[in-house]
Structure formats: C-alpha cells, structure tokens
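Scroll down for the structure; my scribbles are underneath it.
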Ligand code: BMA
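In my numbering, the protein residues as written are 8 to 348.
As structure tokens, then:
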C-alpha cells in the first residue's frame with residue numbers, strides 16, 4: 008500500500024509496469040526497457056507518432072495519437088491496446104463532427120490530450136483558429152467525436168483538463184503563446200461551468216531560474232489527484248546554441264486552489280538521454296502527455312513523445328515521485344500565491 012493515496016481514480020490492475028532498476032540514479036523515473044513503444048511509419052500515410060495520450064477504457068486501453076502525415080500535417084488518430092504498450096491504430100483520422108453532426112476536420116491537430124471527466128472523454132489538441140489555439144472534442148464511446156467550442160482565443164498551446172470539476176467547475180491548464188516556436192511561456196488555468204464559457208483565469212507557474220525550464224513551460228499529463236495535492240508532470244524548455252531542449256518536470260498543486268503550487272521540483276525528472284530522445288525529427292525532446300495510474304499499487308506509467316519521432320514510456324510510483332518532488336522542491340512567491348493580479 009502506498010503512503011500517498013491516488014484519489015478518485017478507478018483501479019487499473021492491468022496497467023503496464025516494469026520494476027525500478029537497482030542502479031537508477033537521480034529522480035525515481037525509469038524508462039521502459041523496450042522503448043520506444045511506437046516506431047516510425049506506424050500507419051500507411053503517417054511517418055511518425057509522438058506526443059500522444061492514452062487512457063483505460065472498457066478493461067483495455069485507448070489513445071489519441073499525434074500522427075504526422077507524410078504530407079507533414081499533424082492529425083489525431085485513434086489507437087487501441089490490450090496492454091497499453093502494443094498499439095493498433097485506425098487507418099483513418101478521427102472522424103470529428105460539429106455539434107450538428109456534420110463532418111468537421113480541423114486544418115491540423117497536434118499534441119492531443121485525453122481526459123475523462125465524469126462520463127465523458129475530452130480530446131484537447133492544438134489546432135488552427137486563425138492561429139495556433141486549443142481545440143476540444145468530446146466522446147463517450149470513441150465512435151462519435153463531437154467538436155465543441157474553442158475554449159480560448161489564439162495563441163495558445165498545451166491545454167489539459169483536470170480529471171474532475173473543482174469547486175463545481177471544469178478546470179483547464181493552458182500555455183498562452185505566439186504563432187511560432189514561442190520563446191516564452193507560463194502555465195495558466197481557467198475555469199468553466201459548462202466547457203463553453205471560460206474565465207476565472209489564474210497564473211499557475213512560470214519558467215524560473217532553473218536552466219532546464221528557463222525558456223518556457225507547459226502542462227503535460229492530466230494532473231493526478233493525490234492526498235498531497237494534484238501531481239502535475241509538465242515540460243520545461245531550455246535554449247541552447249543548437250535549439251530548444253525539452254525535459255520533464257514535476258509539481259504538486261493545491262487540491263482546492265490549484266493555481267497555488269505547493270511543491271515544484273528544482274531538477275528535471277527526465278531529460279533527453281537515450282538515442283531515441285536525443286535524435287530524431289527534432290532532437291532532444293521529452294514531451295509528457297499522459298499517465299496511466301493505479302490507486303491500488305500506486306504505480307504510474309508516463310507516456311511521452313521522444314524527439315518528435317516516437318513514443319516512450321517511463322515508470323514511477325506515487326510514493327517515490329511525491330517524496331522526490333517534496334525533497335527537491337524550490338518555489339517562489341509567484342508559484343505559491345493564488346495566481347491573480
Ligand atoms: C512544441 C510543440 C511540440 C513539439 C515541441 C518540440 O512547440 O510543437 O509538439 O514536440 O515543440 O518540437
């Protein structure tokens with residue numbers, strides 16, 4: 008039994024798992040030994056799958072995958088798996104409709120997240136709304152996918168929902184940006200009573216002096232509700248003479264007031280090191296988008312995009328990661344305050 012409890016989460020006893028290697032150094036996050044789990048050219052007409060999100064569904068697993076088509080345009084593809092490691096993909100793009108049931112094709116869609124709130128699964132992506140902005144669709148059966156209103160005006164990226172309403176409202180993290188490879192970026196949150204009208208915007212956290220997250224940060228996997236607060240895996244970006252480096256960081260947010268950061272790990276939890284992380288279409292990218300976690304065992308499987316080329320899987324436990332984040336936490340006033348001015 009774990010000391011830290013994962014709350015409001017169905018058991019996932021069949022989640023993927025590999026024990027911690029004896030010689031692990033640093034943060035308690037270890038890679039699956041057979042990474043990457045999805046290689047190049049996974050679907051006819053799709054050159055690469057990366058930055059993708061998965062969830063338990065009807066006793067097995069389902070996911071929304073960023074498929075970079077051979078024409079270079081990213082789109083969302085559906086995948087299914089029995090073990091959350093080996094995936095089978097639909098050959099066609101996700102067939103979104105609008106709210107009237109008419110076919111709706113985003114011009115492009117990338118970095119999808121998949122979050123279940125109550126009985127509905129929400130797919131959240133970055134798409135075109137006269138510039139890069141957040142798109143949202145909902146489904147209950149993974150057959151009908153209804154695109155709903157765009158939550159925010161452009162430019163914005165890296166949106167992810169909390170898995171339950173907080174104080175009666177849906178809550179979404181996002182990262183306002185520019186139209187290009189944004190050289191800045193802070194995590195904000197917004198609330199909505201109905202998934203249509205968004206407000207009560209709050210600052211959550213900014214890049215800080217730590218080099219690995221000094222340029223920009225963005226939400227990653229949907230926050231995990233725990234007895235210590237919301238556990239958030241996010242990405243932090245540093246700038247080098249050869250471009251950006253994307254690492255994975257961890258923070259714990261207040262359970263009722265999640266714009267308050269309780270703990271924020273000063274060290275990255277995972278940074279590009281393996282060949283599939285340091286080389287590829289965009290070198291040196293580890294980009295977290297989802298977890299599968301089991302409250303019974305406290306196990307967490309973290310899915311992350313590698314070098315904009317493939318998908319990696321890493322593991323930790325709720326006790327290990329919370330203890331590490333707390334032991335290496337460094338916060339400043341802009342983290343710990345309610346982010347409102
Ligand atoms: C970001 C997004 C991600 C990508 C990353 C590194 O701006 O486009 O999809 O993984 O850059 O290229």
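Glycine residues also receive a C-beta, built at the ideal position from the N, C-alpha and C atoms. From a predicted model like this one, the values you see are computed outputs, not experimental measurements.
Worksheet item: What separation, rounded to the nearest whole angstrom, lies between the Cα atoms of residue 246 and residue 220?
Response: Taking the first residue of the chain shown as position 1, residue 246 is located at position 239. Taking the first residue of the chain shown as position 1, residue 220 is located at position 213. Cα to Cα, the separation comes out at about 9 Å.
Worksheet entry | Under 8 Å between C-beta atoms of residue 215 and residue 252 | Reading the chain shown from its first residue, position 208 is the one you call residue 215. Reading the chain shown from its first residue, position 245 is the one you call residue 252. For the pair residue 215 and residue 252, the CB atoms are not nearer than the 8 Å cut-off.
Fill in: CB contact flag (residue 98, residue 50, <8 Å)
The residue labelled residue 98 in the question sits at position 91 within the chain shown. The residue labelled residue 50 in the question sits at position 43 within the chain shown. Contact: yes.
Discussion item. Looking at the secondary structure, which residues open and close the alpha helix (DSSP H) in which residue 342 lies?
Written reply: As a working mapping, residue 342 is identified with position 335 in the chain shown. From DSSP, the alpha helix (DSSP H) with residue 342 extends over 340-343.
Worksheet item: So the beta strand (DSSP E) residue 82 belongs to, where does it begin and stop?
Response: As a position in the chain shown, residue 82 is number 75, starting the count at 1. Segment 81-88, the beta strand (DSSP E) holding residue 82.
Discussion item. Tell me the rounded alpha-carbon separation between residue 308 and residue 320.
Written reply: The count along the chain shown starts at 1 and reaches residue 308 at position 301. The count along the chain shown starts at 1 and reaches residue 320 at position 313. Using only the alpha carbons, I get a separation of about 7 Å.
Item to complete: Indicate, with yes or no, if the ligand BMA has a heavy atom lying under 7 Å from the CB of residue 315.
Response: Looking up residue 315 in the chain shown gives position 308. Yes, since a heavy atom of the ligand BMA falls inside the 7 Å radius drawn around the Cβ of residue 315.
Fill in: Which of helix, strand or coil DSSP assigns to residue 310
Position 303 of the chain shown holds residue 310. It is a strand residue.
Worksheet entry | Alpha carbon of residue 173 to alpha carbon of residue 232, nearest angstrom | Taking the first residue of the chain shown as position 1, residue 173 is located at position 166. Taking the first residue of the chain shown as position 1, residue 232 is located at position 225. Straight-line Cα distance between these residues: approximately 11 Å.
Worksheet item: Taking the continuous alpha helix (DSSP H) assigned at residue 284, which residues delimit it?
Response: For the purposes of this step, residue 284 is taken as residue 277 along the chain shown, with counting starting at 1. Its alpha helix (DSSP H) spans residues 282-285.
Fill in: Which listed residue (327, 310, 288 and 347) has its alpha carbon closest to that of residue 47
Within the chain shown, the letter at position 40 stands for residue 47. Among 327, 310, 288 and 347, the Cα nearest to that of residue 47 is on 288.
Worksheet item: Between the C-alpha atoms of residue 344 and residue 223, what's the straight-line distance to the nearest angstrom?
Response: Taking the first residue of the chain shown as 1, we reach residue 344 at position 337. Taking the first residue of the chain shown as 1, we reach residue 223 at position 216. Spanning the alpha carbons of residue 344 and residue 223 requires a straight line of approximately 19 Å.
Worksheet item: What does DSSP give as the partner residues of residue 245 in its beta bridges?
Response: Taking the first residue of the chain shown as 1, we reach residue 245 at position 238. As computed with DSSP, residue 245 is found in a beta bridge with 252.
Practice prompt. Please determine if the segment 80-94 and the segment 321-338 are in contact, where contact requires at least 3 C-beta pairs separated by less than 8 Å.
Written response: Output reads no: the segment 321-338 does not touch the segment 80-94.
Item to complete: Determine the direct distance from the alpha carbon of residue 145 to that of residue 155, and round the result to whole angstroms.
Response: Numbered from its first residue, the chain shown carries residue 155 at position 148. Numbered from its first residue, the chain shown carries residue 145 at position 138. Straight-line Cα distance between these residues: approximately 7 Å.
Worksheet item: Grouping DSSP H, G and I as helix and E and B as strand, with all else coil, what is residue 270?
Response: For this step, residue 270 is matched to residue 263 along the chain shown. In this structure, residue 270 counts as strand in the three-state DSSP scheme.
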